[in-house]
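**Q** Same order as they appear, the protein sequences are chains A and B. Position one of the first sequence corresponds to residue 3 (this note's numbering), numbered consecutively onward. Position one of the second sequence corresponds to residue 3 (this note's numbering), numbered consecutively onward. Here it is, the structure in full.
Protein chains: 2
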Amino acid sequence: MGHVKSLKCLICGSEYQEDEVEYTCPKCGNEGLLEVEYDYGTIKTEFTKEYLKNNKNYSMWRYLPLLPINDASKIGPLQVGFTPLYDVPIIRKDLGVRNLFIKDEGRNPTASLKDRASAVVVVKAQEVGLNDITCASTGNAASSLAGATASVGLKSYIFVPKNAPKAKLTQLLVFGATVFAVNGTYDEAFDLSISATKEFGWYNRNTGFNPYTVEGKKTVALEIAEQLNFDVPDYIFVSVGDGNIISGVYKGFFDLLNLGFIDRMPKLIAVQAEGCSPVVDAVNGDGIIRPVIPNTIADSISVGIPRSGIMAVKYIKESGGFGIKVSDLEILNAIKYLGSKSGIFAEPAGSTSFAGYLKALNSGSIRKDDKVVVIITGNGLKDVDSAMRAVKEPIYVDPTIEDVKNKLKETK
Amino acid sequence: MGHVKSLKCLICGSEYQEDEVEYTCPKCGNEGLLEVEYDYGTIKTEFTKEYLKNNKNYSMWRYLPLLPINDASKIGPLQVGFTPLYDVPIIRKDLGVRNLFIKDEGRNPTASLKDRASAVVVVKAQEVGLNDITCASTGNAASSLAGATASVGLKSYIFVPKNAPKAKLTQLLVFGATVFAVNGTYDEAFDLSISATKEFGWYNRNTGFNPYTVEGKKTVALEIAEQLNFDVPDYIFVSVGDGNIISGVYKGFFDLLNLGFIDRMPKLIAVQAEGCSPVVDAVNGDGIIRPVIPNTIADSISVGIPRSGIMAVKYIKESGGFGIKVSDLEILNAIKYLGSKSGIFAEPAGSTSFAGYLKALNSGSIRKDDKVVVIITGNGLKDVDSAMRAVKEPIYVDPTIEDVKNKLKETK
Chain A
3 MGHVKSLKCL ICGSEYQEDE VEYTCPKCGN EGLLEVEYDY GTIKTEFTKE
53 YLKNNKNYSM WRYLPLLPIN DASKIGPLQV GFTPLYDVPI IRKDLGVRNL
103 FIKDEGRNPT ASLKDRASAV VVVKAQEVGL NDITCASTGN AASSLAGATA
153 SVGLKSYIFV PKNAPKAKLT QLLVFGATVF AVNGTYDEAF DLSISATKEF
203 GWYNRNTGFN PYTVEGKKTV ALEIAEQLNF DVPDYIFVSV GDGNIISGVY
253 KGFFDLLNLG FIDRMPKLIA VQAEGCSPVV DAVNGDGIIR PVIPNTIADS
303 ISVGIPRSGI MAVKYIKESG GFGIKVSDLE ILNAIKYLGS KSGIFAEPAG
353 STSFAGYLKA LNSGSIRKDD KVVVIITGNG LKDVDSAMRA VKEPIYVDPT
403 IEDVKNKLKE TK
Chain B
3 MGHVKSLKCL ICGSEYQEDE VEYTCPKCGN EGLLEVEYDY GTIKTEFTKE
53 YLKNNKNYSM WRYLPLLPIN DASKIGPLQV GFTPLYDVPI IRKDLGVRNL
103 FIKDEGRNPT ASLKDRASAV VVVKAQEVGL NDITCASTGN AASSLAGATA
153 SVGLKSYIFV PKNAPKAKLT QLLVFGATVF AVNGTYDEAF DLSISATKEF
203 GWYNRNTGFN PYTVEGKKTV ALEIAEQLNF DVPDYIFVSV GDGNIISGVY
253 KGFFDLLNLG FIDRMPKLIA VQAEGCSPVV DAVNGDGIIR PVIPNTIADS
303 ISVGIPRSGI MAVKYIKESG GFGIKVSDLE ILNAIKYLGS KSGIFAEPAG
353 STSFAGYLKA LNSGSIRKDD KVVVIITGNG LKDVDSAMRA VKEPIYVDPT
403 IEDVKNKLKE TK
């Protein structure tokens, strides 16, 4: 059995036992996101630095005592997490910074951070006896769910906006998901999947609706902390759509603070695209989330109604962080800069955090010697059409060395 | 300093010291591939099971004593290798087999096994004082080289056939490589890059020309062996283009045999597409490689003149293995089967090995209780257009639950 104490509504404070509630707070409706609370006292006796030192499981499951899992036999075989935290020497030199780290989440099984949430959800569904899981997604949550269900023999039913990038759709179909391409936005797909959950009795993985997605995602923070030997960074830059990932990052550090592994929280910096910035506007303004019509190249964070927005705003403010907006051009330039100076290929939503970092550095919001982690949430291979807009064409040559010499001269 | 004893020509047996030769045997020309020979006696004193047990480096560099590296300070930051070896429970159940394992090489930094070779080559270039590296490639070797050079601040000059999949071209350009899209085949691009090496003084990474690519690639075998606790599999299925990867797999097990870690070699099974099978034809026939005009969807193994062909044929025969040909349709079906029953998304050349495994199993060439490892060489995100040919379209719906119900009924 896991160490979950209760699920507590972020809005009204009502507490529930695990088996009393499925998704959001029954009193507050879909706004009433539930925080998963743990029995830290019990966890402390098991989860120690010695425990980690002797733990040879280099995946997100090395943090099992901190996860809401009651039946560990249902954990799937895909190796999720323990992605690299790079010290990016060429970028450091170029920018004149000494303490920059990049967490490459594109290295997960289906190439995004979302695999962490899906890995947990697949266990939770089985714990309540359900073998059919649905979700709405801009793409990554869906492909992670479809991959995770395929690996354990469950079924997935996915609602995506029909304009989702082709690579993400392809992943879904290869993983054998039943894919509904919705003639509408992500926000409409989201509502539709909730209706389908009620209609068909499927288990629902939706981000910011299912309380356990944040718990899966927090493992990225646990890893960052351990990879930095529990020396907490000053800032963590996170691309924000629904606000679920940044909430997970907060939760991971919050757990470690309560367990005495760290002595302070890092400041969380939310980065959004200028064309879709409800969370950043709320954080930097009056704290109120106001839905928008999204307009950005970064599909994974093109979320007009951020479902974990209230939670994200609360956590970002509590951490002492702030929000930054970047343009689509800055996002594309960040893909190119990051790729050509580190070998890390980010999708647009993945590089948004890095674009925000560059902006914060240039504007003086953070200092050159601050210790900073930038999380790259997804691999660029998931959206090569956008990446192509960031780069120049190749040099077309005939298969002769003379042509190579001539063309090389022209480009210099 | 590393433990390389000499480089020995596969054709004439001439031996050279490391600093006496750059690429192939000067006496035998481009056919004269050099085998890297090690001082196993010295390595044995350092590289032990105890050494591995205490080694917390979970990347290909945990095998440093077995690699041809003289200046370890030049190793790049990207975390290459230690990819998952899965026991794929759903596939095992479906096929009624008990000892199947899948090695997912799509989890490497640029999403293919080639990262292992590029990681070594980037060090070797710097050891001889060169900062410009060139290669010809069907795509993956190139993107791995471009990523590796970007991560350490070197330059890459890449020759690819102009019809290389878009995702691979995009990776190259994002990593800042100078990309020559050659109006010709991979084989023409290969020759062109050799000319360019002479013309411009660049270091050359070409597969089956640079003797160190096999050494990088052998780390996949070292990992498989360690992940199986040195209990050698009966068969290893490998997709074959140039023949360099399967040569690397042989070399890794050969090293371990000489060091006393294992007591026998696994049988190596080369899998090629029906439309491009010079290595398989040689292995199953008279041993002579005869160039072909390639015609297959599997671009990464679409190699008419296999540059490591002689080496591969020798090694496969010495292992007691054989060759299998599969159709493009079998390759596409294997992508879908693998994805939907394991959550592993393979590119066409990546799934070719698995298609060969299915064929061998169905034909009785191997038995259900044989211990088998299938290596998936690259991630399907690198070629989604091909994958789309393997799957059905999504179900297009309007954002109403009624439409979902109707469409779902129609598809059942």
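Glycine is no exception: its CB is placed at the ideal position from the N, C-alpha and C atoms. Since the model is a prediction, treat every value here as computed from it, not as a measurement.
#1: Is Gln229 of chain A helix, strand or coil by DSSP?
#2: On the premise that Ala275 of chain A lies in contact with Lys338 of chain A, defined as a C-beta separation below 8 Å, what is that separation, rounded to the nearest angstrom?
#3: Who are the Cβ neighbours of Lys219 of chain A in its own chain at under 7 Å, not counting the five residues just before and after it?
#4: Return yes when the Cβ of Ile397 of chain B is within less than 8 Å of the Cβ of Phe182 of chain A, no when it is not.
#5: Report the three-state DSSP secondary structure of Glu395 of chain A (helix, strand or coil).
#6: Let me see if you follow: with CB-CB separation under 8 Å, is Lys384 of chain B close to chain A or not?
#7: Output the distance between the C-alpha atoms of Pro308 of chain A and Ala179 of chain B, rounded to the nearest integer angstrom.
#8: Ignoring anything shorter than 4 residues or poking outside the region 262 to 297 of chain B, list the alpha helix (DSSP H) runs there in chain order.
#9: Anything in chain B within Cβ reach of Gln173 of chain A, meaning under 9 Å, just list it in chain order.
#10: Could you check whether Ala144 of chain A and Cys137 of chain A sit closer than 8 Å to each other, using their CB atoms as the reference points?
#11: Taking a Cβ distance cut-off of 7 Å, strictly less, list which residues of the region 61 to 84 of chain B are near chain A, in chain order.
#12: Quick one: does Lys394 of chain B have its CB under 8 Å from some CB of chain A?
#13: Whose CA, out of B:Lys407, B:Val240 and B:Met267, lies closest to the CA of Ala357 of chain B?
#14: Below 8 Å on the Cβ atoms is my contact criterion, and I expect Ser353 of chain A with Leu363 of chain A to pass it. Report the Cβ-Cβ distance as a whole number of Å.
#15: Excluding the 5 residues preceding and the 5 following Asn260 of chain A in the sequence, name in chain order all residues of the same chain whose CB lies nearer than 6 Å to its CB.
#16: Count the C-beta pairs between the region 294 to 305 of chain B and the region 371 to 390 of chain B that are closer than 8 Å, then say yes if the count reaches three, no if not.
#17: For Ile135 of chain A, which residues of its own chain have a beta-carbon under 8 Å away from its beta-carbon, when the five flanking residues on both sides are left out?
#18: Below 8 Å on the Cβ atoms is my guess for Pro280 of chain A versus Gly311 of chain A; work out the distance and round it to an integer in Å.
#19: At least one CB of chain A closer than 8 Å to the CB of Tyr188 of chain B: is that the case?
#20: Run the CB neighbour count on Asn381 of chain A, radius 10 Å, all protein chains shown included, and call it buried at 16 or more, exposed below.
#21: For Thr199 of chain A, I'd like the list of residues in its chain whose CB is within less than 7 Å of its CB, leaving aside the five on either flank, ordered along the chain.
#22: By the DSSP assignment, the beta strand (DSSP E) with Lys327 of chain B in it spans what residues?
#23: Show which residues of chain A have a CB atom less than 8 Å away from the CB atom of Phe256 of chain B.
#24: Distance, Cα to Cα, Gly366 of chain A vs Phe103 of chain A?
#25: On the DSSP bridge list, what partners appear for Asp387 of chain B?
#26: Count the other C-beta atoms from every protein chain shown that fall within 10 angstroms of the C-beta of Gly262 of chain A, then say buried if there are 16 or more, exposed otherwise.
#27: Below 8 Å on the Cβ atoms is my guess for Ile264 of chain B versus Val222 of chain B; work out the distance and round it to an integer in Å.
#28: Among A:Met62, A:Pro79 and A:Arg100, which residue has its Cα nearest to the Cα of Ile368 of chain A?
#29: At least one CB of chain B closer than 8 Å to the CB of Phe177 of chain A: is that the case?
#30: Between Ile337 of chain B and chain A, is there a C-beta pair that is closer than 8 Å?
#31: Can you tell me where the alpha helix (DSSP H) with Thr413 of chain B in it begins and where it stops?
#32: Note the first and the last residue of the continuous beta strand (DSSP E) segment covering Leu102 of chain B.
#33: Using beta-carbon positions only, say whether Tyr317 of chain B and Tyr252 of chain B come within less than 8 Å of one another.
#34: In the structure shown, what three-state DSSP assignment does Gly380 of chain A receive?
#35: Please determine, among B:Lys95, B:Cys27 and B:Thr112, the residue with the shortest C-alpha to C-alpha distance to Leu12 of chain B.
#36: To the nearest angstrom, how far is it from the Cα of Lys55 of chain A to the Cα of Asp236 of chain B?
**A** Put simply:
#1: Collapsing the DSSP output to three states places Gln229 of chain A in a helix.
#2: The beta-carbon distance between Lys338 of chain A and Ala275 of chain A, rounded to whole angstroms, is 17 Å. This is too long to meet the 8 Å contact definition.
#3: So the qualifying residues of the chain are Leu115, Arg118, Ala119, Asn246, Ile247 and Gly250.
#4: Going by C-beta atoms, Phe182 of chain A is nearer than 8 Å to Ile397 of chain B.
#5: The answer is coil: DSSP assigns Glu395 of chain A none of H, G, I, E or B.
#6: Among the residues facing chain A, Lys384 of chain B is included, as its CB has a counterpart in that chain under 8 Å away.
#7: Approximately 38 Å, taken between the alpha carbons.
#8: Taken in chain order, the complete alpha helix (DSSP H) segments of 4 or more residues contained in the region 262 to 297 of chain B are 280 to 286.
#9: Correct list: Gly341, Phe347, Gly382, Leu383, Val386 and Ala389.
#10: Cβ atoms of Cys137 of chain A and Ala144 of chain A: closer than 8 Å.
#11: Look at the region 61 to 84 of chain B: the residues with a C-beta under 7 Å from a C-beta of chain A are Pro79, Leu80 and Gln81.
#12: True, the Cβ-Cβ gap to chain A drops below 8 Å.
#13: Cα-wise, what sits closest to Ala357 of chain B is B:Val240.
#14: The Cβ separation is near 15 Å, so there is no contact.
#15: Only Tyr42 meet the Cβ criterion.
#16: The region 294 to 305 of chain B, when compared against the region 371 to 390 of chain B, does touch it at the 8 Å Cβ threshold.
#17: In its chain, beyond the 5 residues on either side, Val123, Val124, Ala127, Leu147, Thr151, Leu156, Lys157, Ser158, Tyr159, Trp204, Tyr205, Asn206 and Arg207 have a beta carbon closer than 8 Å to the beta carbon of Ile135 of chain A.
#18: The beta-carbon separation of Pro280 of chain A and Gly311 of chain A, rounded to 6 Å, stays under the 8 Å limit for a contact.
#19: It does not: the Cβ of Tyr188 of chain B has no partner Cβ on chain A nearer than 8 Å.
#20: The residue in question, Asn381 of chain A, is buried, as its Cβ has 16 or more Cβ neighbours within 10 Å.
#21: Thr136 and Asn206, listed in sequence order.
#22: Counting along the chain, the unbroken beta strand (DSSP E) around Lys327 of chain B starts and ends at Phe324 to Val328.
#23: Here the premise fails: no neighbours, minimum Cβ distance about 28 Å.
#24: Gly366 of chain A and Phe103 of chain A: Cα-Cα distance of roughly 18 Å.
#25: Paired residue(s): none; Asp387 of chain B is not in a bridge.
#26: Classification of Gly262 of chain A: exposed, given that the 10 Å Cβ count is below 16.
#27: Actually they do not touch by this definition, with Cβ atoms about 15 Å apart.
#28: Looking at the Cα atoms, A:Arg100 is the closest of the given residues.
#29: So yes, Phe177 of chain A belongs to the interface.
#30: Judged by the 8 Å Cβ criterion, Ile337 of chain B is in contact with chain A.
#31: Boundaries of the alpha helix (DSSP H) around Thr413 of chain B: Ile403 to Thr413.
#32: Per DSSP, Leu102 of chain B belongs to the beta strand (DSSP E) from Leu102 to Asp106.
#33: In this structure, Tyr252 of chain B lies closer than 8 Å to Tyr317 of chain B by Cβ.
#34: Correct three-state label for Gly380 of chain A: strand.
#35: The shortest CA-to-CA distance from Leu12 of chain B to any of B:Lys95, B:Cys27 and B:Thr112 is the one to B:Cys27.
#36: Answer to the nearest angstrom: the Cα atoms are 35 Å apart.
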